[in-house]
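Have a look at the structure below before the remarks.
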Amino acid sequence: MPRPPARPPLQLSLQFADARHRALLPRHLVQRCLRAALEAPAALTVRIVDAEEGQALNRDYRGKDYATNVLTFAYGEDEVDPDGPALSADLILCAPVVEAEAAAAGRPLLAHYAHLLVHGALHAQGWDHEVEAEAEAMEARETAILAALGWPDPYAAAR
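Per my numbering, the sequence shown runs over residues 12 to 170.
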């Protein structure tokens with residue numbers, strides 16, 4: 012039986028400022044979701060935060076004074092060690108927002124986390140959804156990655 016293609020190496024720092032989610036979000040799930048979305052070796056920090064930290068980061072870096080589900084901080088080539096991974100980024104997920112969105116959509120919490128991890132990893136690699144055509148391409152990519160991981164289409168209800 013042929014082996015699946017190797018996924019790019021991943022250096023992962025997983026941090027929980029909101030400790031309630033430490034037991035809910037296992038490291039192996041985070042790694043699996045990120046590796047599935049990566050196209051190059053990466054060093055990623057995933058930080059699960061509370062609403063206060065999420066709001067402060069969104070306000071300070073995006074000028075939007077509310078907590079959002081995921082923020083991606085990708086570091087430019089000049090900020091990355093030339094001998095290290097090709098991609099370096101921080102993904103910040105706000106636990107209360109993720110919980111509320113999952114509940115409102117009637118989705119399992121882990122399914123929503125999987126979606127946002129893939130979404131954030133794609134943002135770190137330059138994918139965007141500001142223009143409709145880009146949004147459609149990014150949503151299709153997310154849906155394909157999540158399907159390969161065994162998760163449902165996160166956009167099915169909106170279609």
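All C-beta atoms, glycine included, are put in the ideal place defined by N, C-alpha and C.
For Val142, no beta strand (DSSP E) run applies, since DSSP gives it neither H nor E. Beta-carbon to beta-carbon, Val108 and Thr79 are separated by about 6 Å, close enough to satisfy the 8 Å threshold. Segment contact: the segment 64-75 against the segment 32-44, fewer than three CB-CB distances shorter than 8 Å; contact not assigned.
A Cβ-Cβ contact shorter than 9 Å links Leu133 with Arg152. For Pro96 against Ala54, the beta-carbon gap comes to about 5 Å, under 8 Å, which counts as contact.
Taking 3 residues as the shortest admissible run, the segment 36-75 contains the following complete beta strand (DSSP E) segments, listed from N- to C-terminal end: 53-60. A distance below 9 Å separates the beta carbons of Val57 and Leu102. Close CB contacts of Ala148 within its chain, under the 8 Å cut and outside five residues either way in sequence, are with Trp138 (chain order). Our two residues, Leu25 and Leu160, have alpha carbons roughly 20 Å apart in a direct line. Setting aside the 5 residues that flank it on each side, Cys105 is surrounded in the same chain by Val60, Ala62, Gly65, Ala78, Thr79 and Asn80, each with a C-beta closer than 7 Å to its C-beta; the list follows chain order. Around the CB of Tyr72, fewer than 16 other CB atoms lie within 10 Å, so the residue is classed as exposed.
Contact annotation, Val129 with Ala51: C-beta distance approximately 15 Å; criterion of less than 8 Å not satisfied. Contact between Leu23 and Leu49 does not hold, since the beta-carbon distance rounds to 11 Å and is not under 8 Å. In this structure, Tyr124 is the residue among Ala114, Ala100 and Tyr124 with its C-alpha nearest to the C-alpha of Leu35. Spatial neighbours of His126 in its own chain (CB-CB distance under 8 Å, excluding positions within 5 residues in sequence) are listed in chain order as Glu153, Leu157, Trp162 and Pro165. Under the three-state reduction of DSSP, Ala28 is assigned to coil, being neither helix nor strand.
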